[in-house]
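Taken in sequence, the protein lines are chains A and B.
So the first sequence is numbered by the working numbering: it starts at 1 and just counts up by one.
So the second sequence is numbered by the working numbering: it starts at 108 and just counts up by one.
For reference, the structure discussed in these notes is given below.
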Amino acid sequence: QQPVQSPQAVILREGEDAVINCSSSKALYSVHWYRQKHGEAPVFLMILLKGGEQKGHEKISASFNEKKQQSSLYLTASQLSYSGTYFCGTGADGLTFGKGTHLIIQP
Amino acid sequence: EADIYQTPRYLVIGTGKKITLECSQTMGHDKMYWYQQDPGMELHLIHYSYGVNSTEKGDLSSESTVSRIRTEHFPLTLESARPSHTSQYLCASSSWSSYNEQFFGPGTRLTVL
């Protein structure tokens with residue numbers, strides 16, 4: 001079952017914050033987040049492995065609500081380098097990815 | 108340096124040809140994966156492997172086949188390429204101990220005329 005991401009696209013000014021959501025109709029045991037820049041391969045950001053877990057990576061953090069079967073990615077004080085498409089992925093081995101959220105940061 | 112490699116990076120080929128997309132990793136990972144991605148779209152898992160002599164089909168039905176004779180090598184073969192196979196193919200690998208964090212290769216962009 002493919003996870004559902006929202007929003008589909010976000011346009012921000014540099015320094016603004018954004019939240020990207022990922023939800024599933026199936027029970028989630030882990031959620032992965034990747035960022036892909038145009039013409040490049042996806043790059044791993046973080047994995048959340050248990051309910052309530054929150055992780056951070058510079059000004060990018062994420063939370064995982066096992067009960068609600070959803071995860072959210074938080075981008076704080078966005079930088080131009082944050083532009084790209086963000087994918088959440090679920091699954092035990094190979095991942096099933098959401099359709100992605102396109103993030104555009106304008107100066 | 109530990110890395111994951113894919114060749115060729117770009118391939119333009121005629122309908123009906125047999126092709127093999129190569130993927131190799133020097134990270135010592137047991138698990139390897141193939142994903143298919145159309146421009147601006149999500150990745151779809153087409154094959155994966157737990158280790159040598161292990162291959163599994165993914166979520167997306169694919170006419171391709173894979174083999175895993177060596178740990179570091181996971182080639183994908185299309186016996187008879189068709190225009191519907193035009194896409195980007197991404198190879199990835201992960202270890203057993205890293206909770207499935209996947210490292211992606213640069214991809215092969217395939218165009219079938």
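Note that beta-carbon positions come from the ideal geometry of N, C-alpha and C, so glycine has one too.
Report, in whole angstroms, the separation of the C-beta atoms of residue i and residue j, which I expect to be a contact under 8 Å.
i: GLN144 of chain B; j: SER194 of chain B; result: 7 Å
i: SER30 of chain A; j: PRO3 of chain A; result: Wrong, their Cβ atoms sit about 12 Å apart, outside the cutoff.
i: ARG177 of chain B; j: THR162 of chain B; result: In fact, because the Cβ distance is near 13 Å, the residues do not count as touching under 8 Å.
i: GLN70 of chain A; j: LEU12 of chain A; result: At roughly 22 Å, the Cβ-Cβ gap does not stay under 8 Å, so GLN70 of chain A and LEU12 of chain A are not in contact.
i: THR85 of chain A; j: GLN36 of chain A; result: 5 Å
i: LEU95 of chain A; j: GLN209 of chain B; result: 7 Å
Name, in chain order, the residues that DSSP records as bridge partners for residue i.
i: ASN21 of chain A; result: A:SER6, A:SER72
i: THR101 of chain A; result: A:TYR86
i: GLN36 of chain A; result: A:THR85
i: MET46 of chain A; result: A:TRP33
i: VAL159 of chain B; result: Answer is none; VAL159 of chain B lacks a bridge partner.
i: GLU129 of chain B; result: B:THR114
Which residues of chain B have a Cβ atom closer than 9 Å to the Cβ of residue i, listed in chain order?
i: PHE44 of chain A; result: GLU208, GLN209, PHE210, PHE211
If the cut is a Cβ gap below 7 Å, which residues of chain A does residue i touch?
i: GLU149 of chain B; result: PHE87, PHE97, GLY98, LYS99, GLY100
i: GLY165 of chain B; result: GLY94
i: LEU152 of chain B; result: GLY94, LEU95, THR96
Taking residue i as the reference, give the member of the options with the closest Cα.
i: SER78 of chain A; options: A:ASN65, A:LYS37, A:GLU58, A:ASN21; result: A:GLU58
i: GLN113 of chain B; options: B:THR122, B:GLY165, B:LEU128; result: B:LEU128
i: SER169 of chain B; options: B:ASP137, B:GLN209, B:TYR157, B:LEU185; result: B:LEU185
List the endpoints of the continuous beta strand (DSSP E) containing residue i.
i: THR85 of chain A; result: 84-90
i: LEU28 of chain A; result: Here LEU28 of chain A belongs to no beta strand (DSSP E), and DSSP marks it neither H nor E.
i: ALA62 of chain A; result: 60-65
Please compile the residues from chain A whose C-beta is within a distance smaller than 8 Å of the C-beta of residue i.
i: LEU217 of chain B; result: Those within 8 Å of LEU217 of chain B in chain A number zero; the least Cβ separation is about 15 Å.
i: GLY158 of chain B; result: Those within 8 Å of GLY158 of chain B in chain A number zero; the least Cβ separation is about 12 Å.
i: GLY135 of chain B; result: None at all; the shortest Cβ gap to chain A is about 17 Å.
Show which residues of chain A have a CB atom less than 9 Å away from the CB atom of residue i.
i: TYR140 of chain B; result: ASP93, GLY94, LEU95
Give me the chain B residues within the contact set of residue i, using Cβ-Cβ distance strictly less than 8 Å, ordered along the chain.
i: ALA27 of chain A; result: Those within 8 Å of ALA27 of chain A in chain B number zero; the least Cβ separation is about 17 Å.
i: ALA62 of chain A; result: Chain B residues near ALA62 of chain A: none, gap ~14 Å exceeds 8 Å.
i: ALA77 of chain A; result: Simply none; closest approach about 26 Å.
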